[in-house]
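Here is the structure we will look at.
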Amino acid sequence: KENLTKLSTKILGNSEKGDGYAGDIIFVFATATTDAGLTKEYNLVLKCSKRSQILRETSPVKDAFFNEIYVYNVVLPAFTQFQEEKGFTHPFDSVPKCYGTFTDDNMEVIVFENLKNVGYSLWDKKKPLTRRHVDMVINEYAKFHAVSLAMQDQNPEKLEELIGSFPDMFKKFLDSVDTEIFYGNATDEESVP
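1 is the number of the first residue of the sequence shown in the UniProt record's numbering; add one for each residue after it.
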């Protein structure tokens, strides 16, 4: 945490309409002055929840954002500490820096570093991933899960404290969907042979 003053921001753009079901992405360039009088520059990504009251009432958008905020504020720092204590030689660290979060009744925001500025780029979602990229993703998922498995083995109380009360977000999203819209009435006489 730094004490910054003279904050200046410029919105550089946002995600395309329809890219995110539960949220929008805003790209921001910020400058600020440190206590020592140095100017620092930040290339940021703001992940903002949708503010639509209808969406927020009919789907667990708020819960999903609260879970993600909890992961960045609590779970990942605990995983990092555990990996350092255990001397992991190839730790899981494939997450952007989270500069902070904000919540109120109608919106949640997570502020990340913009990974484009450190050499990453978005993959064209219309193209399949290459084998090399799939392998890279699977390797990082494996590291992430290895941390939780090692913690389950060596410090199960801490792991339970961290993730024991996590709701099943997939189930919450499925429960919020009107399945009749997708599948019709399964007991409809026309659907029975």
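Heads up, the beta-carbon is just placed ideally off N, CA and C, and yes, glycines get one too.
- Distance between K10 and T103, taken at the CA atoms: about 22 Å.
- Secondary structure of Y42 (DSSP, three-state): strand.
- Spanning the alpha carbons of F66 and L44 requires a straight line of approximately 20 Å.
- Judged by DSSP secondary structure, L12 falls outside any alpha helix (DSSP H) and instead within the beta strand (DSSP E) spanning 5-14.
- Across the set S176, S94, D168, V147, the C-alpha of S94 shows the shortest separation from the C-alpha of M136.
- Per DSSP, D104 is one residue of the beta strand (DSSP E) stretching across 98-104.
- If you draw a straight line from the Cα of L122 to the Cα of E157, it comes to about 38 Å.
- Using a 10 angstroms sphere on the CB of I54, the tally of other CB atoms stays under 16, which defines it as exposed.
- Beta-carbon to beta-carbon, D63 and K143 are separated by about 26 Å, too far to satisfy the 8 Å threshold.
- Around the Cβ of E16, a 10 Å sphere holds fewer than 16 other Cβ atoms; the residue is exposed.
- A distance of 8 Å or more separates the beta carbons of A22 and V71.
- Look at S59 here: in three-state DSSP terms it is coil, with no helix or strand label.
- Between the alpha carbons of V109 and V28 lies a distance of about 13 Å.
- Taken through DSSP and simplified to helix, strand or coil, A146 comes out as helix.
- The C-alpha of D153 is placed about 17 Å away from the C-alpha of F92.
- Remark: C-beta atoms of T39 and T5 do not approach each other more closely than 8 Å.
- Here N117 has N43 as same chain residues with Cβ atoms under 6 Å from its own Cβ, once five neighbours each way along the sequence are excluded.
- DSSP lists no beta-bridge partner residue for E68.
- Shown here, A78 sits in a helix according to DSSP, grouped into three states.
- Nearest C-alpha to A36 among H133, L46, N3: N3.
- Here D24 is bridged, per DSSP, to C48.
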